[in-house]
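If you count by my numbering, then the sequence shown holds residues 40 to 186, one letter each, in order. Below: the structure, in structure tokens.
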Amino acid sequence: MILDMKRLFDVTDEQEEFSFDIGTDELKERVFSVVFASPLAVSGRAYNRAGIVNVDLKCVFTLAHVCDRCLAEFEREYSFEFSHVCMRDHSSNDEHIIVKDNALDLNDLAISDSLLQLPTKILCREDCRGLCYVCGQNLNEGECNCS
Ligand SMILES: [Zn+2]
Ligand SMILES: [Zn+2]
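Here it is as structure tokens:
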């Protein structure tokens, strides 16, 4: 979804709410680092408060993972909230989003925000015991006979 932000920039107290899904087909085309098991549900609002334009968004989605330690396949749901200040012009602050031609691509924003928030190491559970280095037994499922 492309959010037209002209009125949001021009009119104090202007507000716009949004709620939409990014489908799994689009996610598959654009994201290669993770596998989505559900659409990416995006909801939130953009608002002008005292001349400062903010975008708050919530992203909810489920990923299909392979555990980094034991290789088990599992799905996990994530829910993240983000808040940004939007500027029309160049800003020295990296946290600000620069909105060109008053058009903000909310799909881009939701996808990049969500990916940045994911942990680099994905485990099926915090205390995953992994695989035996010798025989490959999944140690979550029981001990092996290796010493
Ligand atoms: Zn595991
Ligand atoms: Zn073993």
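All C-beta atoms in this analysis are idealised placements derived from N, C-alpha and C, irrespective of residue type, glycine included. As the structure is a prediction and not an experimental result, all values here were calculated from the model.
Here's the rule I'm using: 16 or more other beta-carbon atoms within 10 Å means buried, otherwise exposed. How should residue i be labelled?
i	result
residue 18	Given that the chain is displayed from residue 40 to residue 186, the structure contains no residue 18 and the question cannot be resolved.
residue 143	buried
residue 83	buried
residue 91	exposed
residue 189	Look at the range of the chain in this structure, 40 to 186, and you will see that residue 189 is not part of it.
residue 124	exposed
residue 110	exposed
residue 89	exposed
residue 150	buried
residue 85	buried
Confirm, please, whether the CB-CB distance from residue j to residue i is below 9 Å.
i	j	result
residue 101	residue 112	no
residue 97	residue 75	no
residue 174	residue 167	no
residue 70	residue 154	yes
residue 148	residue 94	yes
residue 107	residue 160	yes
residue 141	residue 43	yes
residue 146	residue 164	no
residue 126	residue 81	no
Regarding residue i and ligand 2, is the C-beta to nearest heavy atom distance less than 8 Å?
i	result
residue 179	no
Could you pull the start and end residues of the alpha helix (DSSP H) that residue i belongs to?
i	result
residue 149	145 to 156
residue 47	45 to 49
Where does the unbroken beta strand (DSSP E) through residue i begin, and where does it stop?
i	result
residue 68	Residue 68 -> not in any beta strand (DSSP E); alpha helix (DSSP H) instead, spanning 63 to 69.
residue 114	112 to 126
residue 104	91 to 105
residue 178	Looking at the DSSP string, residue 178 is not in any beta strand (DSSP E), and its letter there is neither H nor E.
residue 79	79 to 88
query: Just the residues with CB closer than 6 Å to a heavy atom of ligand 2, in chain order, which are they?
result: 171, 173, 174, 176, 183 and 185
query: Going along the chain, which residues put their C-beta within less than 6 Å of some heavy atom in ligand 1?
result: One residue list follows from the rule of a beta carbon closer than 6 Å to any heavy atom of ligand 1, given in chain order as 106, 108, 109, 111, 162, 163 and 167.
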